[in-house]
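First the structure, in the form of structure tokens, and then the observations on it.
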Amino acid sequence: MRMSSLFLRTLRDDPADAEVTSHKLMVRAGLIRRVASGIYSWLPLGNRVLRNVAQIVREEMDDAGAQEVTLPIAQPLDLWKRSGRDEAYGQMMFRVKDRKDNWYAMAPTAEEVVTTLVAGEYSSHRDLPVNLYQINWKYRDELRPRFGLLRCREFLMKDAYSFDADLAGLQASYDAMFDAYGKVFTRCGLTFRAVKAQSGEIGGDTSQEFMAVAAIGEDAFVWCEQCDYAANTEAATRHPHPETAVDDPEPRESIHTPDMPGIDVVAEHLSATADLLMKAIAFDVDGQLALALVPGDREVNEYAVIAAFPGRSVRLYTDADFDAHPEIPKGYIGPDFEGAAHVLADSSIKAPHGWITGANRVDHHDRNVVLGRDFTPTAWGEIVVVAPGDQCPNCSSALRIDRGIEVGHVFQLGDKYSRAMGAVYTDEHGANHPMVMGCYGIGVSRILSAVIEEHHDDGGIVWPAAIAPYQVHLVVIPGRGDNAADVLAAAEQLYADLRAAGVDVLFDDREVSPGIKFADADLLGMPVQVTVGAKGYAQGVVERKIRATGERDELALDTALDALIAAQRTLSR
RNA sequence: CGGGAUGUGGCGCAGUUUGGUUAGCGCGCAGCGUUCGGGACGCUGAGGCCCCGGGUUCAAAUCCCGGCAUCCCGACCA
Numbered sequence: 065m066r067m068s069s070l071f072l073r074t075l076r077d078d079p080a081d082a083e084v085t086s087h088k089l090m091v092r093a094g095l096i097r098r099v100a101s102g103i104y105s106w107l108p109l110g111n112r113v114l115r116n117v118a119q120i121v122r123e124e125m126d127d128a129g130a131q132e133v134t135l136p137i138a139q140p141l142d143l144w145k146r147s148g149r150d151e152a153y154g155q156m157m158f159r160v161k162d163r164k165d166n167w168y169a170m171a172p173t174a175e176e177v178v179t180t181l182v183a184g185e186y187s188s189h190r191d192l193p194v195n196l197y198q199i200n201w202k203y204r205d206e207l208r209p210r211f212g213l214l215r216c217r218e219f220l221m222k223d224a225y226s227f228d229a230d231l232a233g234l235q236a237s238y239d240a241m242f243d244a245y246g247k248v249f250t251r252c253g254l255t256f257r258a259v260k261a262q263s264g265e266i267g268g269d270t271s272q273e274f275m276a277v278a279a280i281g282e283d284a285f286v287w288c289e290q291c292d293y294a295a296n297t298e299a300a301t302r303h304p305h306p307e308t309a310v311d312d313p314e315p316r317e318s319i320h321t322p323d324m325p326g327i328d329v330v331a332e333h334l335s336a337t338a339d340l341l342m343k344a345i346a347f348d349v350d351g352q353l354a355l356a357l358v359p360g361d362r363e364v365n366e367y368a369v370i371a372a373f374p375g376r377s378v379r380l381y382t383d384a385d386f387d388a389h390p391e392i393p394k395g396y397i398g399p400d401f402e403g404a405a406h407v408l409a410d411s412s413i414k415a416p417h418g419w420i421t422g423a424n425r426v427d428h429h430d431r432n433v434v435l436g437r438d439f440t441p442t443a444w445g446e447i448v449v450v451a452p453g454d455q456c457p458n459c460s461s462a463l464r465i466d467r468g469i470e471v472g473h474v475f476q477l478g479d480k481y482s483r484a485m486g487a488v489y490t491d492e493h494g495a496n497h498p499m500v501m502g503c504y505g506i507g508v509s510r511i512l513s514a515v516i517e518e519h520h521d522d523g524g525i526v527w528p529a530a531i532a533p534y535q536v537h538l539v540v541i542p543g544r545g546d547n548a549a550d551v552l553a554a555a556e557q558l559y560a561d562l563r564a565a566g567v568d569v570l571f572d573d574r575e576v577s578p579g580i581k582f583a584d585a586d587l588l589g590m591p592v593q594v595t596v597g598a599k600g601y602a603q604g605v606v607e608r609k610i611r612a613t614g615e616r617d618e619l620a621l622d623t624a625l626d627a628l629i630a631a632q633r634t635l636s637r
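Note that this note's numbering has the first sequence beginning at 65, numbered continuously upward.
Here it is, written out as structure tokens:
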């Protein structure tokens with residue numbers, strides 16, 4: 065491609081509406097332009113990268129045995145009513161109405177459509193398994209679109225759906241997708257971690273997120289430096305505290321603590337630290353009061369509490385709940401509060417010291433509240449939000465917390481959709497069963513943001529070769545000397561030869577100053593820059609610069625073509 | 001949906017507080033000339049519903065009211 069005719073205008077200044085580096089660079093490098101909040105046009109360079117990423121995804125999906133389909137973006141809303149997700153998605157879905165007043169959802173995802181499709185075609189155990197995927201635009205009317213391509217309302221997503229006869233089959237399908245995802249993100253040049261995600265209310269489901277490590281990431285995740293443990297903050301847990309005993313416990317003592325809102329104030333008043341206090345957080349479990357006990361310096365992981373009561377309805381007490389139960393002394397609940405049906409304690413409550421706790425009456429705390437003597441939990445668990453330095457549940461090493469961009473998510477769905485949409489099969493004995501499903505998403509357009517966040521420098525984007533819009537950025541600097549025409553001709557010849565050899569090459573044949581050409585070459589970020597200039601030409605060489613490292617070398621003019629082609633072969637391997 | 005900010009040629013901004021000739025600067029764009037290996041320079045020029053609607057006033061980019069849009073901080077997700 066010749067830059068003289070490429071539809072591109074690079075910008076010197078950062079766009080005013082961009083906050084993060086990847087967004088600024090994508091706009092400056094002419095990859096995308098905003099049309100509305102969270103909705104972008106893709107210009108030629110951006111489109112090529114998008115296509116390259118999609119192609120990698122396609123190859124790995126095909127390789128893993130999935131089959132590509134294309135499902136509709138406009139989906140009858142009736143389908144969504146059947147699964148109950150019309151309500152669940154609510155305002156998140158764009159809805160459109162046709163001339164006959166029928167409503168359609170603009171696909172935020174495609175479980176309903178694909179399950180209906182499979183239900184209509186397949187009905188025997190002999191048909192299974194099958195895994196269908198598509199790479200298509202998705203629409204979600206996000207509360208707050210953000211950070212350019214990171215949180216869009218229109219985005220390109222790869223979504224795959226597996227259908228198996230049983231859980232063992234699902235596990236195999238899931239594992240195949242999991243492996244494929246690792247290959248995709250590795251090929252795209254991302255540093256990532258597969259992170260255990262919270263399974264949610266539906267027991268038995270497992271789910272993992274692929275997080276591209278990035279400071280601007282919207283999600284925090286916990287990971288271990290020593291082993292491969294990694295989990296998002298909701299799902300993360302830590303090594304249990306060992307059993308200990310309190311030596312020579314002092315007698316329990318009640319203290320008047322009026323007008324002391326918050327743990328820190330009470331701690332200061334008692335010359336203690338927050339970790340010596342105990343919080344008793346009230347939950348409603350099937351209409352009964354449950355207490356979650358954690359040290360004063362820790363937060364309760366609500367998801368962990370919910371998981372501790374499988375099959376029950378669990379929610380945090382609200383102000384309305386406290387209003388309805390004036391006998392519960394909000395802020396002064398102790399671990400031995402009589403009205404509690406369940407007392408779930410974090411293992412850290414086993415620490416070898418007495419606790420400062422609520423005294424079960426307003427404006428009072430108790431000191432020297434001792435486990436076993438003064439209170440006995442009905443259940444133990446790991447229910448605090450993990451903090452940096454906590455011990456890894458697998459190997460006890462220190463855990464770390466980093467931020468990441470969720471670029472992929474694999475999920476074992478079970479039979480939720482196959483039941484709702486009637487995707488059943490007949491087994492070898494003539495009995496009918498719902499198919500067992502998994503679903504697997506990759507944020508294709510989001511990958512571009514993640515890659516640029518990881519691969520850029522002061523000069524601009526540094527594309528990994530696998531997804532770069534072009535492999536070689538050929539710059540000609542003809543100068544004004546006698547050999548200007550020859551230099552130009554040599555560059556033209558090299559351009560033609562590279563193209564003939566199948567190398568994707570962007571040729572800066574514009575009549576602009578060298579400074580502009582070099583600055584644009586760095587901004588656009590092709591992996592290899594080749595300069596055919598008057599000075600080098602006079603000595604029979606062209607210059608090569610590796611964008612990522614800044615490394616430069618010279619190639620003899622007459623063998624440059626072969627050298628570049630050879631280098632491309634190495635890169636593409 | 002709460003909280004904060006912004007809206008002025010394609011892009012980045014000044015001007016608004018204190019209303020007053022023809023709305024200005026940089027980049028970009030067009031023409032001419034001088035330059036030519038890391039975002040050169042001079043001259044000339046094109047390009048503006050000053051977000052929209054209403055109001056106040058002799059007079060509004062500027063003041064008042066009402067909208068809309070965009071961005072940032074919080075609750076959802078690939």
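Just so you know, even glycine gets a beta-carbon here, dropped at the ideal spot from N, CA and C.
| request: Report, in whole angstroms, the separation of the C-beta atoms of Ala612 and Pro591, which I expect to be a contact under 8 Å. | output: 7 Å
| said: Please classify Thr301 as buried or exposed, where buried requires at least 16 other C-beta atoms within 10 Å of its C-beta. | reply: buried
| request: Could I get the ranges of all uninterrupted alpha helix (DSSP H) runs contained in the stretch 96 to 163, with 4 residues as the minimum, in chain order? | output: 108 to 127, 141 to 147, 149 to 153
| said: Between Lys609, Glu282, Ala261, Gly486, which has its C-alpha nearest Glu273's C-alpha? | reply: When each option's Cα is compared against that of Glu273, the closest is Ala261.
| Any idea what DSSP makes of Val434, helix, strand or coil? | Three-state result, Val434: coil.
| message | For Ala462, count the other beta carbons within 10 Å of its own beta carbon; 16 or more makes it buried, fewer makes it exposed. Which is it? | response | exposed
| field | Reference Asp400; option with closest CA among Glu446, Asp383, Ala346, Arg208 | value | For the set Glu446, Asp383, Ala346, Arg208, the Cα lying nearest the Cα of Asp400 is the one of Ala346.
| Excluding sequence positions up to five away, which residues of its chain have a Cβ less than 6 Å from the Cβ of Tyr245? | Annotation for Tyr245: Phe274, Gly472 place their beta carbon closer than 6 Å to its own, counting only its chain and skipping 5 residues before and after.
| query | Can you tell me the Cα-Cα spacing of Val113 and Gln535, whole angstroms? | reply | 11 Å
| message | Can you find the residues in the same chain that come closer than 7 Å, C-beta to C-beta, to Met67, ignoring five residues on each side of it along the sequence? | response | Leu570, Phe571, Asp572, Asp573, Arg574
| said: Assuming the contact rule is C-beta atoms closer than 8 Å, Ala359 and Val407 should be a hit. Round their C-beta distance to whole Å, please. | reply: Before going further, note that residue 359 is Pro rather than Ala in the sequence given. 15 Å between Cβ atoms; not a contact.
| said: Assuming contact is defined by CB atoms lying nearer than 9 Å, are Gly403 and Val426 in contact in what I supplied? | reply: no
| task | Within the same chain, show all residues whose beta-carbon is closer than 8 Å to that of Ala548, passing over the 5 residues directly before and after it, in chain order. | result | Pro542, Ala598
| What are the boundary residues of the alpha helix (DSSP H) that Ile511 is part of? | 508 to 518
| Is Asn195 closer than 9 Å to Met241 when the C-beta atoms are compared? | yes
| Given Ala229, which residues of its chain have a CB within under 8 Å of its CB, disregarding the five upstream and five downstream residues? | Spatial neighbours of Ala229 in its own chain (CB-CB distance under 8 Å, excluding positions within 5 residues in sequence) are listed in chain order as His189, Leu192, Pro193, Tyr489, Asp491, His497, Met499, Val500.
| query | Looking at C-beta atoms only, is the number of pairs between the stretch 87 to 98 and the stretch 284 to 299 that lie closer than 8 Å three or more? | reply | no
| Burial state of Ser412, where buried means 16 or more other Cβ atoms lie within 10 Å | buried
| field | Span separating the alpha-carbon of Gly129 from that of Phe439 | value | 56 Å
| task | Take the Cβ of His333 as the centre, count every other Cβ of all protein chains shown within 10 Å, and call the residue buried at 16 or more, exposed below. | result | His333 counts as exposed, since fewer than 16 other beta carbons sit within 10 angstroms of its beta carbon.
| said: If contacts are defined as beta-carbon pairs under 8 Å, then His305 and Lys414 qualify, I think. What distance do you get, rounded to the angstrom? | reply: About 5 Å separates the two Cβ atoms, so the contact holds.
| task | Whole angstroms is fine: what's the gap from Asp410's alpha carbon to Val433's? | result | Roughly 16 Å separates the two Cα atoms.
| message | What does the alpha-carbon distance come out to for the pair Ala174 and Arg204? | response | 12 Å
| Using the C-alpha atoms, what's the distance from Phe211 back to Pro140? | 31 Å
| said: If I measure Cβ to Cβ from Glu206 and keep anything under 8 Å in the same chain, skipping five residues before and after, which residues do I get? | reply: Gly102, Met156, Arg215, Cys216, Arg217
| said: Are the CB atoms of Val596 and Ala631 within a distance shorter than 9 Å? | reply: Using a Cβ distance threshold of 9 Å, Ala631 and Val596 do not count as a contacting pair.
| said: For the alpha helix (DSSP H) containing Ser86, name the first residue and the last one. | reply: 85 to 92
| task | Sort Val508, Ala354, Val539 by Cα distance to Asp223 and report the nearest one. | result | If we check each option's Cα against that of Asp223, Val508 comes out closest.
| query | Which one of Ala532, Gly524, Asp142 has the shortest CA to CA distance from Asp165? | reply | Asp142
| task | Would you identify the three-state DSSP class for His189, choosing helix, strand or coil? | result | In the three-state reduction of the DSSP assignment, His189 falls in the helix class.
| query | Do you know how far the Cα of Asn111 is from the Cα of Ile266? | reply | At Ile266 the pLDDT is 42, less than 50, meaning the model places this residue with poor confidence; the figure from the coordinates comes in the next sentence. If you take the alpha carbons of Ile266 and Asn111, they lie about 39 Å apart.
| Paired residues, beta bridge with Arg563 - DSSP | In DSSP, Arg563 forms no bridge with anything.
| message | Just to confirm, is the Cβ distance from Gln603 to Cys456 under 9 Å? | response | no
| request: Go through its chain and collect everything with a Cβ distance to Ser636's Cβ below 7 Å, but skip five positions before and after it. | output: Only residues of its own chain outside the window of five on either side were considered, and among them none has a CB closer than 7 Å to the CB of Ser636.
| task | Could you check which residue in Gly94, Ala118, Trp419 has the C-alpha nearest to that of Leu587? | result | Gly94
| Ala309 to Ala344, Cα distance in whole Å? | 21 Å
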